[in-house]
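A.B. asks:
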Amino acid sequence: MLAFFVTVIVDRWKNIFANIGFIENTALAIATLVRGTEPEMVLTRRTIIRYLVLSQATTIPNFQVLVFRDISLKVRRRFPNIDSIIKSGFLQEHEAVILEEIDCPYNKYWVPINWASAVLQKVFVEGKITAAPLFNAAWQEVKTFRSNMAILCNFDWVPIPLAYPQVIFVAVRFYFFMCLFTRQHLDMTDTRTVCLAKFPNF
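As structure tokens, this is what we get:
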């Protein structure tokens, strides 16, 4: 039982770490595949990456929060409200208004991903991405990034049941105390006696 518990914890930690959603691979792919040195294209690349990072670590009103803010207390402290997101540069004021006006009963984690996809599609239609396979490669990076975030959400939504660590805690200590008493034994085959004749009598 203890081995199963340790396996679950270690596998869960490895999967979380593997899907943490590092932006570097996606940013490098976007920078490589979305070409152009003019200021508009530089801004477009920055906007795509900003939207992806926004889906990771930002907040929206009414306590509907995006991925990392739901999972990490440090991110929640860093971004306590919508104004802190705007001040940090991840979200612009007009985008915050658009995000507020979206009427959706579900979490709005993926709205910035949708925005990034729309910008990527616009760049492809305008011919800034020269071939469909390049667009597909850029889109696959965005999709992989989003899938990693979804896996993190799933891990956060389905925690290890509280009773299971408690059962393991009690079982390990019970086994230890049982072994402490049951593995102590006297060797009854030892029939040696102590000779008291050598000790002086007073």
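At position 14 of the sequence shown (counting the first as 1) the number is 2 in the numbering used here, and the numbers step up by one without a gap.
Here a beta-carbon is modelled for each residue, glycine too, at the ideal position from N, C-alpha and C.
If you're wondering where the values come from, they're calculated on a predicted model, not measured in any experiment.
Put I48 into one of helix, strand or coil per three-state DSSP.
C.D. replies: Residue confidence is low: I48 scores 40 on pLDDT, short of 50, so the model does not pin down where it sits. No coordinate-derived value is stated.
A.B. asks: Measuring only the C-alpha atoms, how far is I74 from V99?
C.D. replies: I74 and V99: Cα-Cα distance of roughly 16 Å.
A.B. asks: Given P49, which residues of its chain have a CB within under 7 Å of its CB, disregarding the five upstream and five downstream residues?
C.D. replies: Because P49 sits at a pLDDT of 36, beneath the cut-off of 50, its placement in the model cannot be relied upon, and the point is left open.
A.B. asks: So I18 and A126 are supposed to be a Cβ contact under 8 Å. How far apart are they, rounded?
C.D. replies: With 8 Å as the limit, I18 and A126 qualify as a contact, their Cβ atoms being about 6 Å apart.
A.B. asks: If we ignore side chains and look at the alpha-carbon of each, how far apart do R171 and R161 end up?
C.D. replies: Between R171 and R161, the C-alpha separation is close to 15 Å.
A.B. asks: Nearer than 6 Å: is that true of the beta carbon of C167 relative to any heavy atom of the ligand MN?
C.D. replies: The ligand content of the structure shown is nil, which means the ligand MN is not present either.
A.B. asks: Is F143 near I4, with beta carbons less than 7 Å apart?
C.D. replies: Yes; because the gap between Cβ atoms is below 7 Å, this pair is in contact.
A.B. asks: Hey, I36 and V113: beta-carbon distance below 7 Å or not?
C.D. replies: Cβ distance not < 7 Å, so I36 and V113 don't count as in contact.
A.B. asks: Could you check the C-alpha separation between R134 and A151 for me, to the nearest Å?
C.D. replies: Whole-angstrom Cα-Cα distance: 32 Å.
A.B. asks: So what's E28 in DSSP terms, helix, strand or just coil?
C.D. replies: Three-state DSSP puts E28 in a helix.
A.B. asks: Short check: CB of L41 to CB of I11, under 7 Å?
C.D. replies: In the sequence under discussion, the amino acid at residue 41 is Val, which differs from the Leu named in the question. Cβ atoms of V41 and I11: closer than 7 Å.
A.B. asks: Where does S105 fall in DSSP's three states?
C.D. replies: S105: helix per DSSP, three-state reduction.
A.B. asks: Measuring straight from C-alpha to C-alpha, what distance separates E81 and P121?
C.D. replies: If you take the alpha carbons of E81 and P121, they lie about 35 Å apart.
A.B. asks: Check this for me: beta carbons of A104 and V63, under 7 Å apart or not?
C.D. replies: In this structure, V63 does not lie closer than 7 Å to A104 by Cβ.
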